[in-house]
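J.: This is the structure, below, for whatever I ask next.
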Amino acid sequence: MIRNKFPNVIIFDDLLNKTEFKNMNYNLVKCYLFASCTKYISVQGGANNLISYFAKKIIIYHKFGFEAQTNIYNVRSKLQSEFEDFSITHTNNYNNLLKIIKETF
0 MIRNKFPNVI IFDDLLNKTE FKNMNYNLVK CYLFASCTKY ISVQGGANNL
50 ISYFAKKIII YHKFGFEAQT NIYNVRSKLQ SEFEDFSITH TNNYNNLLKI
100 IKETF
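Each residue of the sequence shown is one higher than the one before, counting from 0 in numbering that gives the first Met the number 0.
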C-alpha cells in the first residue's frame, strides 16, 4: 500500500534483501540505518528507544499509551541532554506532527 502511493520510499524489508546487508541480522541492519540518518521521526514504542541513541533530535507521533502520561519523553531528553544536544518532541495530533516536522527539519 505504501509503495503504491509513495514509490520512492525505501521499505525496511528492501534493505534486508540487498546484497550489502546479506551477512547482517535484522537488528544490525536497523542500527546501520539509524547511524546513517540525520533526521528521525518515529511512532511510540520500542523503536524510538533505539533511535534515541543515534539521534540529536527525534519527533515521536504518540497516539495513546503510558509514555506521554508518565512524562518519560521529558525524562529521557533530560538524561541524554547531559551527553549531547538531544531533544525529543512528541505529539498525539497528526496536524501538529506535520507542523513540528516542517519547523524542525
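Quick reminder that beta carbons are idealized off the backbone N, C-alpha and C, glycines included.
1. Whole-angstrom Cβ separation of Ile59 and Asn47, contact assumed at under 8 Å?
2. In the DSSP assignment, find the alpha helix (DSSP H) that holds Lys29 and state where it starts and stops.
3. Within 10 angstroms of its Cβ, does Val35 collect 16 or more other Cβ (buried), or is it exposed?
4. What's the call for Tyr39, buried or exposed, on a 16-neighbour Cβ count within 10 Å?
5. Roughly how many angstroms lie between the CA atoms of His61 and Ile10, to the nearest whole one?
6. DSSP three-state label for Ile99, please.
7. How long is the line joining the alpha carbons of Leu32 and Ile57, rounded to whole angstroms?
8. According to DSSP, simplified to helix, strand and coil, what is Lys56?
9. On the three-state DSSP scale, how would you describe Ile87?
T.: Concretely, from the data shown:
1. 5 Å
2. 25-35
3. It should be noted that the sequence gives Ser, not Val, for residue 35. The residue is exposed, with fewer than 16 neighbouring Cβ atoms inside 10 Å.
4. buried
5. 21 Å
6. helix
7. 15 Å
8. strand
9. strand
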